[in-house]
Ligand code: SF4
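Structural data, given as structure tokens:
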């Protein structure tokens, strides 16, 4: 898909952590819009997408000069109390354009200068590996949560054809772990997966987060129903995976190779 890029000069960057992110003092989105355009993305139904009047996944705003804004905001926020940041709640901070624009990297450089108490980076992009040097400087103040909804590439292609391949994400988790960066695999939202899935993750991570549309879309599944997600499962004849109990199957499979204290369900898996 051709992506429409625009440059914007943000007045502010840090948003108050609310709803699903109440465990965080702030959320931070280096971009507005997301070129991965996943079919199940709940942001499609949020004002940022609805008011834009263009297909979600077809446009991205680049927040120019973001580092200078963050530097000021972080100073102020840190003087008021603990700062815990979730990056990002309504985009992926490692958009393909980040290769060139380096907005996310510039924000991380600010955070190395003025470390927050905790930073969670939620991404599905192998580009995150570029910033290992900065994660090492942030030490235990940062965790990389890599979205790996399934181990089956045809399933990934069905639900999010423009997102990075699963194998590249697994490889990235391996590189991050080997470098000593704190990581987790976020099976979120769970998509149909194989019995081998836990064995593929076991050598790479010590922490698993499992979430689905019903627990994790911030509206008890309402937004997901509005998106007509069930159709995507019906097309594959895999409707049983679009069920509030489906996560339990994945949880049981994960328990075969991970201990219970390594498996987190829904919001718990994203908390600082
Ligand atoms: S990567 Fe995240 S923000 Fe982007 S479309 Fe997919 S679910 Fe939405």
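In the numbering used here, the protein residues as written are 21 to 292. C-beta atoms are modelled at their ideal positions from N, C-alpha and C, and glycine is treated no differently. Predicted model, so just to flag it, every value in this text is computed and none were measured.
query                                                                                                                                                                 : result
Please give the ranges of any beta strand (DSSP E) in the stretch 48–115, keeping only runs that are unbroken, at least 3 residues long and fully inside the region.  : 79–83, 104–107
For residue 26, which residues in the same chain have their Cβ closer than 6 Å to its Cβ, ignoring the five residues on either side in sequence?                      : 81
Less than 7 Å between the CB of residue 192 and some heavy atom of the ligand SF4, yes or no?                                                                         : no
Are residue 47 and residue 103 close, meaning C-beta to C-beta below 8 Å?                                                                                             : no
On the premise that residue 144 lies in contact with residue 189, defined as a C-beta separation below 8 Å, what is that separation, rounded to the nearest angstrom? : 6 Å
Taking the beta carbon of residue 134 as the centre, do at least 16 other beta carbons fall within 10 Å, making it buried, or is it exposed?                          : exposed
Assign residue 96 to one of two classes, buried (16 or more other C-beta atoms within 10 Å of its C-beta) or exposed (fewer than that).                               : exposed
With distances taken between CB atoms, is the gap from residue 23 to residue 55 smaller than 8 Å?                                                                     : yes
Residue 40: beta carbon under 7 Å from a heavy atom of the ligand SF4?                                                                                                : no
Would the C-beta of residue 63 count as close to the ligand HEM, meaning under 7 Å from any of its heavy atoms?                                                       : Among the ligands modelled here, namely the ligand SF4, the ligand HEM does not occur.
Kindly indicate which three-state DSSP category residue 183 falls into: helix, strand or coil?                                                                        : coil
According to the Cβ coordinates, are residue 127 and residue 106 closer than 8 Å?                                                                                     : no
What are the boundary residues of the alpha helix (DSSP H) that residue 131 is part of?                                                                               : 123–133
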